[in-house]
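Going left to right, the sequence shown walks through residues -11 to 178 as the numbering used here numbers them. By construction, the Cβ of each residue, glycine as well, lies at the ideal position given by its N, Cα and C atoms.
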Amino acid sequence: MTSDTTSWYEIISGNGLRQGDVLRAFPIPTIQGLDEWPLPSDPQLQVNYHASDVVVLSQSCDLEHSKIHEVILCEVIPWDEACRQLVDQGHQAASGKRYREALVAGDVPGLSLLHYHSTKVKFPWSVVDFHRISVVPKKLAQAVARRAGDRLRLCSPYREHLAQAFARYFMRIGLPHDAQAFIHEGRQMQ
-11 MTSDTTSWYE IISGNGLRQG DVLRAFPIPT IQGLDEWPLP SDPQLQVNYH
39 ASDVVVLSQS CDLEHSKIHE VILCEVIPWD EACRQLVDQG HQAASGKRYR
89 EALVAGDVPG LSLLHYHSTK VKFPWSVVDF HRISVVPKKL AQAVARRAGD
139 RLRLCSPYRE HLAQAFARYF MRIGLPHDAQ AFIHEGRQMQ
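Dropping the structure here:
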(Lines of atoms letter the chains of each structure in order from A and count residues from 1; the text may use other names and numbers.)
(Lines give C-alpha, C1' and ligand atoms only; values in the text may rest on other atoms or scores of the structure.)
Protein backbone atom coordinates (compact mmCIF):
# COMPACT_ATOMS: atom_id res chain seq x y z
CA MET A 1 0.00 0.00 0.00
CA THR A 2 1.39 3.39 -0.92
CA SER A 3 0.27 6.74 0.32
CA ASP A 4 1.48 10.30 0.08
CA THR A 5 2.70 11.06 3.59
CA THR A 6 4.49 14.24 2.58
CA SER A 7 1.38 16.28 3.35
CA TRP A 8 1.33 15.04 6.97
CA TYR A 9 4.91 15.97 7.88
CA GLU A 10 7.80 18.20 7.12
CA ILE A 11 11.35 17.18 7.94
CA ILE A 12 13.16 19.64 10.18
CA SER A 13 16.27 19.83 12.35
CA GLY A 14 17.59 22.10 15.07
CA ASN A 15 16.35 23.03 18.52
CA GLY A 16 13.26 25.00 17.47
CA LEU A 17 10.06 23.54 18.92
CA ARG A 18 6.49 23.73 17.69
CA GLN A 19 3.29 21.93 18.45
CA GLY A 20 3.29 18.66 16.50
CA ASP A 21 7.04 18.04 16.66
CA VAL A 22 7.89 14.35 17.02
CA LEU A 23 10.89 13.64 19.25
CA ARG A 24 12.16 10.06 19.15
CA ALA A 25 13.63 8.27 22.20
CA PHE A 26 12.92 11.21 24.52
CA PRO A 27 14.16 10.68 28.11
CA ILE A 28 10.92 10.79 30.12
CA PRO A 29 11.70 11.35 33.83
CA THR A 30 9.80 9.48 36.53
CA ILE A 31 10.14 10.22 40.24
CA GLN A 32 10.15 7.36 42.73
CA GLY A 33 9.31 8.02 46.39
CA LEU A 34 6.31 10.32 46.03
CA ASP A 35 3.87 7.82 47.57
CA GLU A 36 2.66 9.78 50.59
CA TRP A 37 1.53 13.21 51.62
CA PRO A 38 2.71 15.20 53.34
CA LEU A 39 6.21 14.28 52.28
CA PRO A 40 8.52 13.14 55.07
CA SER A 41 10.87 15.85 56.35
CA ASP A 42 13.80 14.14 54.60
CA PRO A 43 12.26 12.44 51.53
CA GLN A 44 14.38 10.01 49.57
CA LEU A 45 13.45 10.61 45.96
CA GLN A 46 14.93 8.88 42.96
CA VAL A 47 14.61 10.06 39.37
CA ASN A 48 14.59 7.40 36.65
CA TYR A 49 14.28 7.83 32.91
CA HIS A 50 12.77 5.76 30.16
CA ALA A 51 13.10 6.53 26.47
CA SER A 52 9.86 7.06 24.59
CA ASP A 53 8.77 8.70 21.37
CA VAL A 54 6.75 11.83 22.11
CA VAL A 55 4.92 14.63 20.35
CA VAL A 56 4.91 18.26 21.52
CA LEU A 57 1.43 19.51 22.47
CA SER A 58 2.27 22.95 23.89
CA GLN A 59 1.07 25.81 21.69
CA SER A 60 3.59 26.92 19.06
CA CYS A 61 3.07 30.61 19.85
CA ASP A 62 3.90 30.01 23.52
CA LEU A 63 7.03 28.07 22.57
CA GLU A 64 8.25 30.56 19.98
CA HIS A 65 7.65 33.70 22.08
CA SER A 66 9.18 32.28 25.29
CA LYS A 67 5.87 32.47 27.18
CA ILE A 68 6.48 29.08 28.81
CA HIS A 69 9.44 27.36 30.43
CA GLU A 70 7.97 23.84 30.32
CA VAL A 71 6.69 21.76 27.43
CA ILE A 72 3.72 19.38 27.37
CA LEU A 73 4.56 16.07 25.69
CA CYS A 74 2.42 13.01 25.02
CA GLU A 75 3.85 9.59 24.33
CA VAL A 76 3.63 8.17 20.82
CA ILE A 77 3.28 4.41 20.51
CA PRO A 78 3.66 2.40 17.30
CA TRP A 79 0.21 1.07 16.37
CA ASP A 80 1.25 -2.60 16.51
CA GLU A 81 2.44 -2.17 20.10
CA ALA A 82 -0.58 -0.08 21.12
CA CYS A 83 -2.96 -2.65 19.62
CA ARG A 84 -1.25 -5.47 21.55
CA GLN A 85 -1.50 -3.47 24.78
CA LEU A 86 -5.20 -2.75 24.22
CA VAL A 87 -5.99 -6.40 23.45
CA ASP A 88 -4.00 -7.52 26.54
CA GLN A 89 -6.12 -5.10 28.61
CA GLY A 90 -9.31 -6.75 27.36
CA HIS A 91 -10.18 -4.42 24.46
CA GLN A 92 -10.49 -7.19 21.86
CA ALA A 93 -12.14 -4.80 19.38
CA ALA A 94 -8.83 -2.89 19.04
CA SER A 95 -7.56 -5.46 16.56
CA GLY A 96 -10.59 -5.09 14.29
CA LYS A 97 -11.46 -2.98 11.28
CA ARG A 98 -14.12 -0.91 13.09
CA TYR A 99 -11.63 0.19 15.73
CA ARG A 100 -9.20 1.28 13.00
CA GLU A 101 -12.03 3.17 11.29
CA ALA A 102 -12.85 4.87 14.60
CA LEU A 103 -9.19 5.88 15.00
CA VAL A 104 -9.14 7.37 11.50
CA ALA A 105 -12.37 9.28 12.25
CA GLY A 106 -10.95 10.57 15.55
CA ASP A 107 -13.61 8.74 17.56
CA VAL A 108 -11.37 6.97 20.10
CA PRO A 109 -11.06 9.20 23.18
CA GLY A 110 -7.55 9.23 24.55
CA LEU A 111 -5.84 8.25 21.29
CA SER A 112 -5.01 10.11 18.10
CA LEU A 113 -3.69 8.41 14.97
CA LEU A 114 -0.43 9.52 13.33
CA HIS A 115 0.28 8.53 9.73
CA TYR A 116 3.38 6.55 8.86
CA HIS A 117 6.28 8.20 7.07
CA SER A 118 8.41 6.11 4.74
CA THR A 119 10.97 8.42 3.18
CA LYS A 120 14.09 10.00 4.75
CA VAL A 121 12.82 9.85 8.36
CA LYS A 122 11.07 6.50 8.92
CA PHE A 123 8.05 6.46 11.22
CA PRO A 124 5.42 3.70 11.65
CA TRP A 125 1.65 4.04 11.96
CA SER A 126 1.36 5.26 15.55
CA VAL A 127 -1.03 6.65 18.12
CA VAL A 128 -0.60 9.56 20.49
CA ASP A 129 -1.70 8.39 23.94
CA PHE A 130 -3.25 11.28 25.89
CA HIS A 131 -3.13 9.15 29.05
CA ARG A 132 0.68 9.39 28.98
CA ILE A 133 1.46 13.07 29.50
CA SER A 134 4.74 14.57 30.66
CA VAL A 135 5.76 18.12 31.40
CA VAL A 136 9.48 18.75 30.98
CA PRO A 137 11.73 21.81 31.00
CA LYS A 138 11.75 23.56 27.63
CA LYS A 139 15.57 23.56 27.66
CA LEU A 140 15.59 19.74 27.92
CA ALA A 141 13.18 19.42 24.98
CA GLN A 142 15.29 21.84 22.93
CA ALA A 143 18.49 19.91 23.72
CA VAL A 144 16.89 16.61 22.64
CA ALA A 145 15.55 18.27 19.48
CA ARG A 146 18.97 19.74 18.63
CA ARG A 147 20.70 16.36 18.99
CA ALA A 148 18.00 14.47 17.09
CA GLY A 149 19.15 15.54 13.64
CA ASP A 150 16.40 15.25 11.03
CA ARG A 151 12.98 14.78 12.61
CA LEU A 152 9.29 15.06 11.77
CA ARG A 153 6.92 17.96 12.39
CA LEU A 154 3.19 17.62 11.73
CA CYS A 155 1.92 20.02 9.08
CA SER A 156 -1.36 21.90 9.09
CA PRO A 157 -4.19 20.75 9.31
CA TYR A 158 -2.91 17.54 10.96
CA ARG A 159 -1.23 19.52 13.76
CA GLU A 160 -4.51 21.28 14.55
CA HIS A 161 -6.41 17.99 14.33
CA LEU A 162 -4.08 16.54 16.99
CA ALA A 163 -4.50 19.63 19.19
CA GLN A 164 -8.28 19.41 18.83
CA ALA A 165 -8.27 15.70 19.77
CA PHE A 166 -6.18 16.54 22.86
CA ALA A 167 -8.64 19.30 23.84
CA ARG A 168 -11.69 17.07 23.24
CA TYR A 169 -10.21 14.37 25.45
CA PHE A 170 -9.82 16.76 28.37
CA MET A 171 -13.13 18.56 27.96
CA ARG A 172 -15.26 15.39 28.05
CA ILE A 173 -18.21 15.65 30.37
CA GLY A 174 -19.96 12.68 31.94
CA LEU A 175 -23.44 13.76 32.92
CA PRO A 176 -24.63 12.34 36.25
CA HIS A 177 -28.32 12.18 35.39
CA ASP A 178 -30.56 9.82 33.53
CA ALA A 179 -32.54 11.44 30.72
CA GLN A 180 -34.65 8.39 29.84
CA ALA A 181 -37.78 10.23 31.06
CA PHE A 182 -37.31 12.75 28.25
CA ILE A 183 -37.35 9.94 25.69
CA HIS A 184 -40.52 8.43 27.19
CA GLU A 185 -42.29 11.83 27.25
CA GLY A 186 -41.64 12.18 23.51
CA ARG A 187 -43.35 8.84 22.85
CA GLN A 188 -46.46 9.94 24.80
CA MET A 189 -46.82 13.14 22.74
CA GLN A 190 -46.95 11.33 19.40
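Check, Outcome
"Nearest-angstrom beta carbon gap, Leu22 and Leu33 [assumed within contact, 8 Å]", "7 Å"
"For Pro125 and His57, believed in contact at Cβ under 8 Å, the rounded distance", "7 Å"
"Where the beta strand (DSSP E) through Arg139 begins and ends", "139 to 142"
"Whole-angstrom C-beta distance between Ser46 and Ile60, which should lie under 8 Å", "5 Å"
"C-alpha gap between Pro28 and Ile16, whole angstroms", "25 Å"
"Check whether Val123 and Val64 have beta carbons under 9 Å apart", "no"
"Met(-11) versus Leu140 - alpha carbon distance", "For Met(-11), the pLDDT reaches just 40, beneath the cut-off of 50, and the residue's location in the model is therefore unreliable, leaving the point undetermined."
"Span of the alpha helix (DSSP H) around His149", "146 to 158"
"Residue interval of the alpha helix (DSSP H) (run including Val75)", "67 to 76"
"Residue from Phe154, Ala131, Pro112 whose Cα sits closest to the Cα of Phe118", "Phe154"
"Rounded C-alpha distance that separates Val132 from Tyr(-3)", "19 Å"
"Contact the segment 144 to 162 vs the segment 77 to 88: 3+ CB pairs below 8 Å", "no"
"Arg120: first and last residue of the uninterrupted beta strand (DSSP E) it sits in", "114 to 125"
"Ranges of the beta strand (DSSP E) found wholly within the segment 1 to 42, counting only runs of at least 3", "10 to 20"
"Three-state class that DSSP yields for Ser100 in the structure shown", "strand"
"When Leu128, Leu142, Leu11 are compared against Ser(-5), the one with the closest alpha-carbon", "Leu142"
"Selection from Trp67, Gly137, Val92 that minimises the alpha carbon distance to Trp113", "Trp67"
"Classification of Phe170 by the beta-carbon crowding that lies within 10 angstroms, buried from 16 upward", "exposed"
"Backbone secondary structure at Ile60 - three-state DSSP", "strand"
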